[in-house]
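Q: I'd like to ask you about the structure that follows.
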Amino acid sequence: MSNRISAAELPADLAGIDLLIDVRAPKGRAENGEIAGALILPKPLVEPVFSGPLAAVPRDARIVVFCGSVNGSGPVVQTLAGLGFTNVADVDGGYAAVRERGIA
Numbered sequence: 001m002s003n004r005i006s007a008a009e010l011p012a013d014l015a016g017i018d019l020l021i022d023v024r025a026p027k028g029r030a031e032n033g034e035i036a037g038a039l040i041l042p043k044p045l046v047e048p049v050f051s052g053p054l055a056a057v058p059r060d061a062r063i064v065v066f067c068g069s070v071n072g073s074g075p076v077v078q079t080l081a082g083l084g085f086t087n088v089a090d091v092d093g094g095y096a097a098v099r100e101r102g103i104a
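Taking my numbering, the leading residue of the sequence shown gets 1, the next gets one more, and so forth.
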C-alpha cells in the first residue's frame with residue numbers, strides 16, 4: 001500500500017509536510033549528505049519510535065519518507081500505515097531525487 005510521490009511533488013520549502021523522515025543507513029548519509037530538518041530514523045526503529053516517543057503524532061500528519069532506494073522507504077511507509085497513519089508517502093528516486101529537487 002505504498003503511496004509513492006515524485007520529488008517534483010514535494011514543495012521546495014516542504015510546506016505542508018509535517019515530517020520528512022530519512023531512513024538511510026549512516027554510511028549513505030556520511031557519503032551523500034543529509035537534508036536539513038529531516039528526522040533521521042533507522043528503519044528498525046520506526047515502529048518502536050512511532051509507538052513510543054512519537055505516539056502523539058496525529059495519524060493524519062503528512063509524512064514523507066526517503067531512503068537510498070524504494071526498497072528502504074517502501075516498507076517504512078507500510079509500517080507507518082500499519083500503525084494507523086493515513087497520509088504517508090515515499091519519494092520515487094529517494095535521497096538523490098530530493099536533493100535534485102533542490103531540497104537541502
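Ideal Cβ placement from N, Cα and C applies to all residues, glycine included.
Within the continuous alpha helix (DSSP H) that includes Val98, where are the two ends?
A: Residue mapping note: residue 98 aligns to position 98 of the sequence shown, counting from 1. Val98 -> alpha helix (DSSP H) spans Gly94 to Glu100.
Q: Within its chain, find whatever has a CB closer than 8 Å to the CB of Arg101; leave out the 5 residues flanking it on each side and keep chain order.
A: Locating residue 101 in the sequence shown gives position 101, counting from the first residue. Around Arg101: Ala7, Ala8, Leu10 and Ala12.
Q: For Asp60, which residues of its own chain have a beta-carbon under 7 Å away from its beta-carbon, when the five flanking residues on both sides are left out?
A: Within the sequence shown, the letter at position 60 stands for residue 60. Only Thr86 and Asn87 meet the Cβ criterion.
Q: Taking C-beta to C-beta, are Asp90 and Gly68 nearer than 7 Å?
A: In the sequence shown, the residue the question calls residue 90 occupies position 90. In the sequence shown, the residue the question calls residue 68 occupies position 68. No, Cβ-Cβ distance for Asp90 and Gly68 is not below 7 Å.
Q: What does a CB cutoff of less than 7 Å around Ala38 pick up in its chain, not counting 5 residues either side in sequence?
A: Residue numbering aside, residue 38 sits at position 38 when the sequence shown is read from its first letter. Excluding residues within five positions, the ones whose Cβ falls inside 7 Å are Leu20, Ile21 and Asp22.
Q: With a floor of 3 residues, list each beta strand (DSSP E) that falls wholly inside the segment 21–79, ordered by position along the chain.
A: Taking only runs of at least 3 residues, the beta strand (DSSP E) segments lying wholly in the segment 21–79 are 63–66.
Q: What residues match up with Asp90 in a beta bridge as DSSP calls it?
A: In the sequence shown, residue 90 corresponds to position 90, counting from 1. The partner list for Asp90 (beta bridge, DSSP) reads Arg4 and Val65.
Q: Rounded to a whole number of angstroms, what is the C-alpha to C-alpha distance between Ile63 and Ala30?
A: In the sequence shown, residue 63 corresponds to position 63, counting from 1. In the sequence shown, residue 30 corresponds to position 30, counting from 1. About 23 Å.
Q: Between the C-alpha atoms of Met1 and Pro48, what's the straight-line distance to the nearest angstrom?
A: Taking the first residue of the sequence shown as position 1, residue 1 is located at position 1. Taking the first residue of the sequence shown as position 1, residue 48 is located at position 48. Low local confidence applies: a pLDDT of 46 at Met1 is under 50, so the model's placement there is unreliable, with the coordinate-based value given in what follows. Distance between the alpha carbons of Met1 and Pro48: 21 Å.
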